[in-house]
Amino acid sequence: MPKEQAKRAKLVIGNWKMHGRLAENAVLMQAVATGATTLQKGVRAAVCVPAPYLAQAQALLGGSVVAWGVQDVSAHTQGAYTGEVAAGMAADFDATFAIVGHSERRAYHGEHSDLVAVKAQRALEAGLTPIVCVGETLEQRENGLTEQVVGTQLEAVLLVLSEAQAAKIVVAYEPVWAIGTGKSATTAQAQQVHAFLRAQLAGKSAAVADVPVLYGGSVKPENAEELFAQQDIDGGLIGGASLKSNDFLAICQAAQNVSV
Ligand code: PGA
Numbered sequence: 001m002p003k004e005q006a007k008r009a010k011l012v013i014g015n016w017k018m019h020g021r022l023a024e025n026a027v028l029m030q031a032v033a034t035g036a037t038t039l040q041k042g043v044r045a046a047v048c049v050p051a052p053y054l055a056q057a058q059a060l061l062g063g064s065v066v067a068w069g070v071q072d073v074s075a076h077t078q079g080a081y082t083g084e085v086a087a088g089m090a091a092d093f094d095a096t097f098a099i100v101g102h103s104e105r106r107a108y109h110g111e112h113s114d115l116v117a118v119k120a121q122r123a124l125e126a127g128l129t130p131i132v133c134v135g136e137t138l139e140q141r142e143n144g145l146t147e148q149v150v151g152t153q154l155e156a157v158l159l160v161l162s163e164a165q166a167a168k169i170v171v172a173y174e175p176v177w178a179i180g181t182g183k184s185a186t187t188a189q190a191q192q193v194h195a196f197l198r199a200q201l202a203g204k205s206a207a208v209a210d211v212p213v214l215y216g217g218s219v220k221p222e223n224a225e226e227l228f229a230q231q232d233i234d235g236g237l238i239g240g241a242s243l244k245s246n247d248f249l250a251i252c253q254a255a256q257n258v259s260v
């Protein structure tokens, strides 16, 4: 295993999206917390839940090896912003992560990269780790624009962060055409974009070069290990498969298999 890969722990993060209710969440959280006890040091697991269930995550995952987070944060710290959830509110419930710039927010809520950059700042200020999502549409990929698109999305965030802040983020490469479609990027396609993002991060500083770069988009137990074995793929952001404890735990195990 190449040296620089060995020193980055694998990170597997579930993105529950707008799924779940109290009763089914409890079953899922307990199963994940119990199953994750066998994970070793090289793997960290977390779930990003809908904001109303942060207290439940804190109650049921607190003390386990599974961390939790939110799927978005406001670009504001507080004030007259009806319906928004501030990063500091998520931090009140001991959240570790905040997804920012998920393609569903970009597509359905018109979030552009400058706003995503501010959200990443707000998350960091509140002590949360932002998971900055980037990814191209199928049309952009077919037009050879993948690197330009993801590069521009990441650059907007790197521009506003100090080196010390940038060294604390997580990046998730999520090709839009692979999300929820069952059609994952091939390992070669994913690794190529990850290497490109890694080089861009390295351009900021050596410490930033080492931030985790996760792959997301139809990760499942069957393809996780091959993806995670790639040099620049440090784990996954898992949508659909994170709603089934066995699948999510199998994906965590796949990360374990390639991390030791
Ligand atoms: P998926 O979603 O695993 O269901 O493709 C990933 C994501 O949107 O984060």
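Numbering (UniProt numbering), first residue to last: 1 to 260.
Quick reminder that beta carbons are idealized off the backbone N, C-alpha and C, glycines included.
- Cβ neighbours of A195 in the same chain (closer than 6 angstroms, five flanking residues each side left out): Closer than 6 angstroms at the Cβ level, and outside the excluded window around A195, lie D232.
- Heavy atom of the ligand PGA less than 6 angstroms from the Cβ of N15, yes or no? In this structure, N15 has its CB closer than 6 angstroms to one or more heavy atoms of the ligand PGA.
- Starting from F97 and walking both ways along the beta strand (DSSP E), at which residues does that stretch end? Where F97 is concerned, the enclosing beta strand (DSSP E) stretches over 97-100.
- Query: Excluding sequence positions up to five away, which residues of its chain have a Cβ less than 8 angstroms from the Cβ of A36?
  - Reply: Counting only Cβ-Cβ distances below 8 angstroms, and skipping sequence neighbours, we find A45, S64, V65, V66, L249, C252.
- Let me know the secondary structure DSSP gives K204 once reduced to three states. Reduced to three states, the DSSP call for K204 is coil.
- Message: Short of 6 angstroms in beta carbon distance, which residues of its chain neighbour A172, apart from the five on each side in sequence? Order them along the chain.
- Response: Here A172 has I131, C133, L214, G216, L237 as same chain residues with Cβ atoms under 6 angstroms from its own Cβ, once five neighbours each way along the sequence are excluded.
- Query: What does DSSP give as the partner residues of G135 in its beta bridges?
  - Reply: DSSP lists no partner for G135.
- Task: Look up T186 in the DSSP assignment and say whether it is helix, strand or coil.
- Result: Here T186 sits in coil by DSSP.
- Query: Around the C-beta of R21, are 16 or more other C-beta atoms found within 10 angstroms, so that it is buried, or is it exposed?
  - Reply: With fewer than 16 other CB atoms across the displayed protein chains lying within 10 angstroms of its CB, R21 is exposed.
- Does DSSP classify W16 as helix, strand or coil? In the structure shown, W16 falls within a coil segment according to DSSP collapsed to helix, strand and coil.
- Query: S242 and G83: beta carbons closer than 7 angstroms?
  - Reply: Note that the C-beta distance between S242 and G83 is not below 7 angstroms.
- Query: What do you reckon, are the CB atoms on G135 and P175 nearer than 7 angstroms?
  - Reply: Their beta carbons are under 7 angstroms apart, which means G135 touches P175 by this criterion.
- Task: With DSSP as the reference, label L145 as helix, strand or coil.
- Result: DSSP, read as helix, strand or coil, puts L145 in coil.
- Item | Neighbourhood of G182 by C-beta distance below 6 angstroms, restricted to the same chain and skipping five residues each side | Excluding the 5 residues flanking it on each side, G182 has same chain C-beta neighbours closer than 6 angstroms at S218, in chain order.
- Buried or exposed: which applies to Q256, given that a residue is buried once 16 or more other Cβ atoms fall within 10 Å of its Cβ? Counting other Cβ atoms within 10 Å of its Cβ, Q256 reaches 16 or more and is therefore classed as buried.
- Message: One question on the structure: do F97 and G79 come within less than 7 angstroms of each other, judged by their Cβ atoms?
- Response: No, they are not a contact pair.
- CB-CB length for residue 261 against L61, believed under 8 angstroms: The question about residue 261 has no answer here: the residues shown for the chain are numbered 1 through 260.
- Task: Count the other CB atoms, across all protein chains shown, that sit within 10 Å of the CB of K17; report buried if there are 16 or more and exposed otherwise.
- Result: By the neighbour-count rule (16 or more Cβ atoms within 10 Å), K17 is buried.
- Please find out if some non-hydrogen atom of the ligand PGA comes closer than 6 angstroms to the beta-carbon of L237. Within the cutoff, so yes.
- Message: Could you compute how far the alpha carbon of V118 sits from the alpha carbon of A202?
- Response: Distance between the alpha carbons of V118 and A202 is about 21 angstroms.
- Can V208 and A164 be called in contact, C-beta distance under 7 angstroms? Going by C-beta atoms, V208 is not nearer than 7 angstroms to A164.
- Message: Buried or exposed for G144, going by 16 or more other Cβ atoms inside 10 Å?
- Response: Note on G144: under 16 other CB atoms within 10 angstroms of its CB, so exposed under the neighbour-count rule.
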